[in-house]
Amino acid sequence: MRNIGPIVLLGSPGAGKGTQAKRISARYGIPQISTGDLLRENIQFGTKLGAQTKDAMARGELVSDNLVCDMVQERLHQPDCQRGFILDGFPRTPAQAGWLDAFLEHKFFENSHAGGTPPIVILINVDYNQLLRRLTGRRTCVANGHIYNVYLQPPRVDEVCDLDGSKLVIRNDDREEVIRERLTAYEQQTWPVAQYYRSTGRLVEVDGGLPADQVTEQILEEIERRGAVTADGH
Ligand code: AMP
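Everything in the sequence shown is counted per our numbering, starting at 6 for the first residue and increasing by one.
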């Protein structure tokens, strides 16, 4: 199996990063690493990290860079990341982007064929009004995190997952007052991350306002074009 290397998905909350990350993950057999999901798991299982991050998350604020970078570092050392991985929701601040660059350059691939592979960075653009509709309408299944939208992609039966029959819920931070806070955090802290990658010529932008299948197509084309084919040449 070929190496794919690191892929970073950037985009506002509601841009479709989670949906697209799952598809890329299935296509290439590499893990999706969602920092939001990892933090929610920590809260669910009552870990120390969960206790440290719970309040900031409930307010829609970002969690401290140190805590998130340590968590990502630990995850990237797992063996399933060797051929590549998709980061979804990370980096979210310029400091996290700098940390990731240093980590990938010096540590991560030192023993693999992919030596110092820079990430392919994809920004999914969606306009503000569409984001609001997506976020306020989003419902998530409790069992497996399958995602629906009451306006755009409703389940067959209200509040029930089509795929596993579990209950659909509104994520804690998908409430309107928190959504505004999250969009502000994105504009203030994450937008500079996109500028950082743009200035180093590494940013690929896709139109996230298109239907999900077309967005996936654009992303897969970019990954192939940007040389996801590495060391072993296949
Ligand atoms: P998400 O599921 O990606 O929308 O993330 C949900 C929440 O988790 C965010 O509003 C933040 O509170 C926290 N979070 C997720 N990823 C990060 C990150 N890379 N840096 C800081 N906080 C994060």
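Where a beta carbon is used, it is the ideal one built from N, C-alpha and C, also for glycine.
For residue j and residue i, the rounded distance between their alpha carbons
| i | j | result |
| --- | --- | --- |
| residue 13 | residue 93 | 7 Å |
| residue 70 | residue 57 | 12 Å |
| residue 101 | residue 95 | 7 Å |
| residue 168 | residue 161 | 10 Å |
| residue 171 | residue 39 | 22 Å |
| residue 35 | residue 150 | 18 Å |
| residue 7 | residue 97 | 28 Å |
| residue 5 | residue 206 | Lying before the first or after the last residue shown, residue 5 is absent from the chain, which here runs from 6 to 239. |
| residue 23 | residue 54 | 22 Å |
| residue 82 | residue 183 | 33 Å |
| residue 176 | residue 147 | 10 Å |
| residue 122 | residue 229 | 15 Å |
| residue 124 | residue 137 | 29 Å |
| residue 209 | residue 197 | 15 Å |
| residue 127 | residue 87 | 20 Å |
| residue 20 | residue 41 | 14 Å |
| residue 231 | residue 9 | 10 Å |
| residue 180 | residue 80 | 29 Å |
| residue 159 | residue 153 | 6 Å |
| residue 2 | residue 11 | Nothing can be reported for residue 2, as the shown portion of the chain is limited to 6 through 239. |
| residue 163 | residue 226 | 36 Å |
| residue 44 | residue 166 | 23 Å |
| residue 90 | residue 37 | 6 Å |
| residue 191 | residue 84 | 31 Å |
Under the three-state DSSP convention, the category residue i falls into
| i | result |
| --- | --- |
| residue 213 | coil |
| residue 188 | helix |
| residue 25 | helix |
| residue 11 | strand |
| residue 157 | coil |
| residue 208 | strand |
| residue 225 | helix |
| residue 162 | coil |
**Q.** Any beta strand (DSSP E) of 3 or more consecutive residues that is wholly inside the stretch 78-152
**A.** 89-93, 125-130 and 143-146
Q. Can you list the beta strand (DSSP E) stretches of 3 or more residues lying completely in the stretch 35-78, in chain order?
A. 37-39
Q. Is the stretch 100-110 touching the stretch 130-139 in the sense that three or more CB pairs, one from each, lie closer than 8 Å?
A. no
Q) Is it true that the stretch 28-35 meets the stretch 141-160, where meeting means three or more beta-carbon pairs spaced less than 8 Å apart? A) no
Q.
Taking contact to mean 3 or more Cβ pairs, one atom from each stretch, closer than 8 Å, check whether the stretch 208-218 and the stretch 44-51 are in contact.
A. no
(Q) Using a Cβ distance threshold of 8 Å, determine whether the stretch 60-69 contacts the stretch 187-204, with at least three qualifying pairs required. (A) Between the stretch 60-69 and the stretch 187-204, the count of C-beta pairs closer than 8 Å reaches three or more; the two stretches touch.
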